[in-house]
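In my numbering, the protein residues as written are 4 to 114.
Positions of the beta carbon are idealized from the N, C-alpha and C atoms, including for glycine.
A quick note: this is a predicted structure, and the numbers were derived from the prediction, not measured.
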């Protein structure tokens, strides 16, 4: 599952379609077609599961813009006070994928 980990590091969603296409490409057999049945057995053998997205995001409060502006000003003041460079400020939220297409179902390691 090294390729799965590489996609996770790149924050790409591993989909059923991607797994099936990759299996067909790596099989080396011209007549092999990864079916839904093959996929289910592969997921079981590999200790993987399917997860359905529950929500894309929460609704924003009506006063989000003033709060956001206050936060940006606060961070900017801290940056100037402590002489932080702009490249030392970053988001640590792994799921901050604004503007990216989010798949409805993805393949994840079973926990």
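Less than 6 Å between the CB of residue i and some heavy atom of the ligand FAD, yes or no?
i          : result
residue 31 : You won't find the ligand FAD in this model; it holds no ligand whatsoever.
Rounding to the nearest angstrom, what Cα-Cα distance links residue i and residue j in this structure?
i           : j          : result
residue 46  : residue 52 : 6 Å
residue 27  : residue 90 : 42 Å
residue 76  : residue 83 : 11 Å
residue 4   : residue 34 : With a pLDDT of only 48 at residue 4, under the threshold of 50, the placement of this residue in the model should not be trusted; the figure read from the coordinates follows. When rounded, the distance between both Cα atoms is 23 Å.
residue 37  : residue 72 : 50 Å
residue 25  : residue 65 : 45 Å
residue 42  : residue 68 : 45 Å
residue 85  : residue 40 : 58 Å
residue 29  : residue 20 : 14 Å
residue 31  : residue 78 : 54 Å
residue 113 : residue 50 : 6 Å
For residue i, count neighbouring Cβ atoms within 10 angstroms of its own Cβ and tell me buried if that reaches 16, exposed if not.
i          : result
residue 22 : buried
residue 17 : buried
What span of residues does the alpha helix (DSSP H) with residue i cover, start to end?
i          : result
residue 55 : First-last for residue 55: 51-55, but that is the beta strand (DSSP E), not the alpha helix (DSSP H).
residue 39 : 39-48
residue 17 : Where residue 17 is concerned, there is no enclosing alpha helix (DSSP H), given that its DSSP letter is neither H nor E.
residue 82 : 67-85
How many whole angstroms separate the CB atoms of residue i and residue j, which I take to be in contact at a CB cut-off of 8 Å?
i           : j          : result
residue 111 : residue 54 : 5 Å
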